[in-house]
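This report concerns only the one structure given below.
Residue numbers (this note's numbering): 135 to 625.
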């Protein structure tokens, strides 16, 4: 199975597209730009969802749900917001179909035109802030800490499974606060939650930073982000958290009565991650044989494959495997026993290698006699025969080692692909030949940022938080600069 995968060094993009399909994660649908997430892919997303949802609730947030449709007039209320999303909006204009008079099928009923067009949500700030106006009256109603799990539509012209699709799944948090300080603290808290999730569960090292003015979320005062580095040297924005100031509160007139009895506009944040994380997970760890999944997010952490010639041998192996499976599940380890007789063991080995299962156990008649089994690690491809005695503790320990190893390997790649440069010639050379993050001085103007992008296709991924202050000169204009920023080509 994995032998048919294009190698990464041959065509990284083709490798990625093939892997998503062959590993049964997702496929293109009959709707242009939209995907079908298959059960195995959705199982990974569910594990992501569960961990993030737990983290959100531990920080005081509650889940709610808001409408899919947004009246067009709502988007008009915040100028920067509508400008940022106008070109990506899907619009509902009618509410009924009818049979064509010539019998050719159904057509839109021209008599069923909506009085006001509805936008299929590209993001929910506007509908949510219209709702918050009804929920918030007093300082006693604050802070309001709400998250929703939903789908959104952004009419992308060029799509790629998980990384950029017209419809995708995500969560979006929307919070309201009595003070600017509280809102800023919330935005920073959530980018830290995303960073912790990326590193502890995805084993994907990320850099926390601020977006430049031209890269900020439409309508935000400040956008915090986490940026990961993929194996092809391109960056991936993996999550964002926005301090919205009072922009949306003023646009939708969301006011509260303070302790002093004064009417004030609330302060706002929004934050979100999406199924794009699936793309990041794939591209951070996987290899030419297929997926490599960190145990903390793998739907199947251990797969057990029997080696047998007849039903009698299979029954004997199954009896032993049932004991092992019970002990592993008691430790919270997800395990699958694949005793299908329609496929040979070699085929199964290749299948689970392609699907990135962290540990594979093979057990045959000789293992039953000797009290042994064979364990193969997906991350290092190492195999070893071990005694069945104490194997549950060994598996638990090895899964932790795999999780740590994947993070360290990705971190080492990231660290060796952050290059400081002081001239534009150096900058162009690194972007062209090495890739990764390029740390360079920038004069702080959108014009210079745009020109560098036009000349090299590299963008400013972020201004790292807690960035070191140092005197320097912009690589393009030679103007004074007080800190370096991180550039990269990006998805």
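We treat Cβ as the ideally placed atom computed from N, Cα and C, and that holds for glycine.
Residues sharing a beta bridge with residue i, DSSP
i	result
residue 620	573, 596
residue 311	401
residue 278	310
residue 496	439, 508
residue 375	358, 405
residue 301	287
residue 160	171
residue 343	359, 598
residue 101	A question about residue 101 goes unanswered here, because the residues of the chain that appear run from 135 up to 625.
residue 294	298
residue 197	281
residue 381	Bridge partners of residue 381: none, in fact.
Neighbourhood of residue i by C-beta distance below 8 Å, restricted to the same chain and skipping five residues each side
i	result
residue 368	569, 622, 623, 624, 625
residue 530	465, 467
residue 523	505
residue 547	363, 365
residue 454	497, 502, 522
residue 240	231, 232, 233, 234
residue 225	206, 251, 252, 253, 254
residue 434	468, 469, 470, 486, 489, 491
Residue i vs residue j beta-carbon contact at 8 Å
i	j	result
residue 270	residue 309	no
residue 407	residue 373	yes
residue 157	residue 424	yes
residue 409	residue 149	no
residue 418	residue 321	no
residue 594	residue 583	yes
residue 512	residue 480	no
residue 439	residue 484	no
residue 323	residue 459	no
residue 502	residue 520	no
residue 630	residue 154	No statement about residue 630 is possible, as the shown extent of the chain runs from 135 to 625 and does not include it.
residue 159	residue 146	no
residue 388	residue 312	no
residue 378	residue 355	yes
residue 343	residue 599	yes
residue 553	residue 572	yes
residue 305	residue 186	yes
residue 218	residue 300	no
residue 253	residue 221	no
residue 390	residue 276	yes
residue 577	residue 613	yes
residue 448	residue 473	yes
Exposed unless 16 or more other CB atoms sit within 10 angstroms - verdict on residue i
i	result
residue 475	exposed
residue 357	buried
residue 589	exposed
residue 208	buried
residue 182	buried
residue 515	exposed
residue 272	exposed
residue 264	buried
residue 421	buried
residue 412	buried
residue 198	exposed
residue 492	buried
residue 444	exposed
Residues near residue i in its chain [Cβ-Cβ closer than 6 Å; skip 5 each side]
i	result
residue 601	617
residue 558	609, 610
residue 539	513
residue 405	307, 324, 375
residue 469	436, 459, 462
residue 329	340, 342, 360
residue 628	Nothing in the structure corresponds to residue 628, since the chain is present only between 135 and 625.
residue 494	437, 486, 510
residue 327	189
Cβ shell of residue i (< 7 Å), same chain only, five flanking positions each side left out
i	result
residue 351	357, 374, 376
residue 152	139, 140
residue 242	228, 231
residue 314	401
residue 575	606, 607, 608, 609, 615, 618
residue 541	333, 337, 339
residue 317	311, 377, 401, 402, 403
Residue-chain proximity (residue i, chain B), Cβ-Cβ < 8 Å
i	result
residue 326	Any reference to chain B falls outside this structure, which holds one protein chain only.
For the pair the region 604-618 and the region 357-366, tell me if three or more CB-CB distances fall below 8 Å. no
Evaluate contact between the region 210-225 and the region 253-260, counting only Cβ atoms and requiring at least three cross-stretch pairs below 8 Å. yes
Answer yes if the region 234-249 comes into contact with the region 292-301, meaning at least three C-beta pairs across the two stretches below 8 Å, and no otherwise. no
Is the region 335-347 touching the region 427-445 in the sense that three or more CB pairs, one from each, lie closer than 8 Å? yes
If you pair each beta-carbon of the region 185-202 with each one of the region 281-292, do three or more pairs fall below 8 Å? yes
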